[in-house]
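S.K.: Protein sequences appear in the order of chains A and B.
Mapping of the first sequence onto my numbering: position 99 corresponds to residue 90, and the numbering continues sequentially without gaps.
Mapping of the second sequence onto my numbering: position 22 corresponds to residue 13, and the numbering continues sequentially without gaps.
Pasting a structure below so you can have a look.
Number of protein chains: 2
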Amino acid sequence: MTAPPGDLSATFLLMTLGKRLRARVDEALRERRMSLRHLSALAHLTRDPGVSYSELARRAGVTAQSMQATLRHLEDLGAVERLSEPGRGRTARLRVTAAGVELSTWARGVVSAVDAEVLAQVAEADRPVLVRALRSVFLS
Amino acid sequence: MTAPPGDLSATFLLMTLGKRLRARVDEALRERRMSLRHLSALAHLTRDPGVSYSELARRAGVTAQSMQATLRHLEDLGAVERLSEPGRGRTARLRVTAAGVELSTWARGVVSAVDAEVLAQVAEADRPVLVRALRSVFLS
DNA sequence: CCGCTGGTTTCAGTCTGGCTGTAACTTGCG
DNA sequence: CGCAAGTTACAGCCAGACTGAAACCAGCGG
Chain A
-8 MTAPPGDLSA
2 TFLLMTLGKR
12 LRARVDEALR
22 ERRMSLRHLS
32 ALAHLTRDPG
42 VSYSELARRA
52 GVTAQSMQAT
62 LRHLEDLGAV
72 ERLSEPGRGR
82 TARLRVTAAG
92 VELSTWARGV
102 VSAVDAEVLA
112 QVAEADRPVL
122 VRALRSVFLS
Chain B
-8 MTAPPGDLSA
2 TFLLMTLGKR
12 LRARVDEALR
22 ERRMSLRHLS
32 ALAHLTRDPG
42 VSYSELARRA
52 GVTAQSMQAT
62 LRHLEDLGAV
72 ERLSEPGRGR
82 TARLRVTAAG
92 VELSTWARGV
102 VSAVDAEVLA
112 QVAEADRPVL
122 VRALRSVFLS
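Written out as C-alpha cells, the structure is:
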C-alpha cells in the first residue's frame, strides 16, 4: 500500500492517502451495502431534492449511465424514491426517503469517525492550516 | 467531480483531491503508455534491483498476479528486464533498463509538474506544515 | 399542426484493474 | 527422499466506470 518514496511530495502523499482513506471508508460503508458514490449522490440529493439523473451525474462528474446504476441501488435500499413515473424520455424527479436520511447520517458518521482518526495524527496547531490548505487546493 | 460538501472535512478533501490528482497524473502518464502503478513498480525496482514479483507485489500492496500484469507491460515497454529465465517456480530477478530509468525520470517529472500546480494554490507559509501534516498521517 | 433538435432515461456491450482459484515448478528442511 | 512453503503463471470473475444506440419528451420555427 505504501509506495515509491524518496521524495514524499505533497502530490504523492495526497494520492496515496486519498486511496487509503477511500478504501477505509468504503470498507466501513459496505456494512450497510453502500459505497462512497452512494453517499455522494445521497448528499447531493438531500441538499436539493427533485433533481434529475443527468443533473446528478453532472454534479458528481460521471455519466448519466453510471449514476443510474448507483441510484438504482439506492432505490433498492429504499433510500431514494422517484416522484415521477419511470420511462424513457421523461426526466425523473428524485427524493430521499426517511430511511435515506437515516442512512445518510449514519454514513456521514462513518466518515467523521475516520476523520477523527486522521486528525489525531496531526499536531493540534497544524489542523486548521491543513484543512485550509486542502480547501484552497480543492477550490481550483 | 466535486461532491457532497457542507462540511468539507479533511477526510473528504483528501479523498476527492486524491482522486482528482490521480486522474490528472494518470492522464499525463498515458502519453507514454504508463500509469501510476507502473511508476510505483518502477520506483520500487530502481531503489533495490533484483527483487522478485511477489516481493514487489507485497510492497505495493497488491497481489502477485496484479503485479505480474503491470510488470509484463513494463517489459513490453522495455523498461524492465528479467535477469533469470521465465518459468513457473523459479523466482524472477528483475532490473530496470536504461530506457526504464529514462521513463522513470520523465514520469517523476510529470508528478513534479502537478505538484507545482498543487503547491501554487496554497499560501507560501502553509506549504511546509501541509507536507508535514500529510506525512505524519501517511506514517501510521 | 408538423417536424426537428436537444435533453433524458434506459438497455446493452466493453474496458480496466483489481481479485480469487488453480496449476506447475523450485527450494529448503527434516 | 519427501514434503511444505514460496513463486510464477494462467484462467476466469467482478465492480465500476465508459461508449453506443434506442426510445421518448419538450419546445420552437416555420
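For each residue, glycine too, the CB sits at the ideal point set by N, CA and C.
None of the values given here were measured: they were computed from a predicted structure.
1. Put Leu20(B) into one of helix, strand or coil per three-state DSSP.
2. Does the beta-carbon distance from Ala1(A) to Val122(B) come in below 7 Å?
3. Specify the secondary structure class of Glu108(B) as computed by DSSP and reduced to three states.
4. What does DSSP give as the partner residues of Val87(B) in its beta bridges?
5. Distance, Cα to Cα, Gly91(A) vs Val105(B)?
6. Starting from Arg118(A), follow the alpha helix (DSSP H) in both directions and report where the run begins and ends.
7. What does Ser127(B) reach in chain A if we use C-beta pairs closer than 9 Å?
8. Using DSSP with H/G/I as helix, E/B as strand and the rest coil, what is Met25(A)?
9. Using the C-alpha atoms, what's the distance from Thr88(B) back to Gly69(B)?
10. Any Cβ of chain A within less than 7 Å of the Cβ of Arg23(B)?
11. Quick test of the definition: if touching needs 3 or more C-beta pairs under 8 Å, does the region 38 to 49 of chain B touch the region 23 to 30 of chain B?
12. Could you give the DSSP three-state label for Glu93(B): helix, strand or coil?
M.R.: According to the data block:
1. Here Leu20(B) sits in helix by DSSP.
2. Ala1(A) places its beta carbon less than 7 Å from that of Val122(B).
3. helix
4. Val71(B), per the DSSP bridge assignment.
5. Their backbone Cα atoms lie some 38 Å apart in a straight line.
6. 118 to 129
7. Neighbours of Ser127(B) in chain A, taken as residues at a C-beta separation under 9 Å, are given in chain order as Gln112, Val113, Ala114, Asp117.
8. Annotated three-state conformation of Met25(A) is coil, per DSSP.
9. 7 Å
10. no
11. no
12. helix
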